[in-house]
Amino acid sequence: MLNFDFPRLAAIGLTPALLQQALAQAGDGDLQLARICRVQRDCAWVHDGEEERQAHALPGVHADLAVGDWVLCQPREHEPWRLLERLEPFNQLVRVNDEGARQAYASNVDTALLVMGLDGDYNPRRLERYLGLAAAAGVAPVVVLSKADLCADAEARLAELEQRLRPLPPILLLNGTDPACRDALLPWLGAGRRWCCWARPAPASPRSAIRCWGRRRRRWAG
Numbered sequence: 001m002l003n004f005d006f007p008r009l010a011a012i013g014l015t016p017a018l019l020q021q022a023l024a025q026a027g028d029g030d031l032q033l034a035r036i037c038r039v040q041r042d043c044a045w046v047h048d049g050e051e052e053r054q055a056h057a058l059p060g061v062h063a064d065l066a067v068g069d070w071v072l073c074q075p076r077e078h079e080p081w082r083l084l085e086r087l088e089p090f091n092q093l094v095r096v097n098d099e100g101a102r103q104a105y106a107s108n109v110d111t112a113l114l115v116m117g118l119d120g121d122y123n124p125r126r127l128e129r130y131l132g133l134a135a136a137a138g139v140a141p142v143v144v145l146s147k148a149d150l151c152a153d154a155e156a157r158l159a160e161l162e163q164r165l166r167p168l169p170p171i172l173l174l175n176g177t178d179p180a181c182r183d184a185l186l187p188w189l190g191a192g193r194r195w196c197c198w199a200r201p202a203p204a205s206p207r208s209a210i211r212c213w214g215r216r217r218r219r220w221a222g
């Protein structure tokens, strides 16, 4: 029997369609439905809508995990849960590396916040690549230009992107030290909203590049 609390899990992105998939895969097993919030080399951290728990995945499952995946776990007291199965995601942000292998960034997201600092991090070409990845996955992008207070020509760079990007996504010009920054992001960060954040250039391990989905506007590290 699958254990779940739909309202609690819906607050972190569970949908009726994903629940039906979980019920079909769980069968008669005594399993807990949870969502991946961190993936590390030898384990994962899952969230059951109430708290994070460490989980050890079967070898054939761990390699496919990405932040945002929904999984079926076997709860265990006083030790890490056993992560048995991964649900097929309804979408996934991926790229193909130089060896031709697919690398997953995040699963089951509606919105990608593409954060680019208006300092040494400013790179419109990289932003266009990220927009292409989001479009390929069917994920709505929101461009966040941060560190506006450190850039003398912030408005000019905003105008440049508005002329360059097509189709034109929402673009926010923000100063991260200003409390109003949070209010500007609220339309995309409410409870149950499924979002991820690209906060810097992708490193060798994409799992460390993503902060994905939140409850009560918390940030979850990938």
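If you number the sequence shown the way full-length UniProt numbering does, the last residue is 222 and the count never jumps.
Idealized CB from N, CA, C, for every residue including glycine.
All of these numbers come straight from a predicted model, not from anything done at the bench.
Determine the burial state of residue i: buried for a count of at least 16 other Cβ atoms within 10 Å of its Cβ, exposed for fewer.
i      : result
GLN20  : exposed
MET1   : exposed
GLN92  : buried
HIS78  : exposed
ASN108 : buried
ARG53  : buried
Taking 8 Å as the limit between beta carbons, can you name the residues of its chain near residue i, skipping five residues before and five after?
i      : result
ALA140 : ASP110, THR111, ALA112, ALA134 and PRO169
By the DSSP assignment, the alpha helix (DSSP H) with residue i in it spans what residues?
i     : result
HIS56 : Note, HIS56: premise wrong, no alpha helix (DSSP H); beta strand (DSSP E) at 52-57.
Just reading off the beta strand (DSSP E) that residue i is part of, what are its end residues?
i      : result
ARG182 : Unbroken run through ARG182 is the alpha helix (DSSP H), 180-189; no beta strand (DSSP E).
PRO141 : 140-146
TYR122 : Where TYR122 is concerned, there is no enclosing beta strand (DSSP E), given that its DSSP letter is neither H nor E.
What three-state label does DSSP hand residue i in the structure shown?
i      : result
PRO167 : coil
PHE6   : helix
LEU65  : coil
GLU79  : coil
GLY117 : strand
GLN40  : coil
ARG129 : helix
GLU162 : helix
Cutting at 7 Å between CB atoms, please list the residues of its own chain near residue i, excluding the five before and the five after it.
i      : result
GLU155 : none
Using C-beta distances below 6 Å, list every residue in its chain close to residue i, excluding the 5 sequence neighbours before and after it, in chain order.
i    : result
PHE4 : LEU33
Please say whether residue j and residue i have beta carbons closer to each other than 7 Å?
i      : j      : result
GLY49  : ILE12  : yes
CYS151 : LEU189 : no
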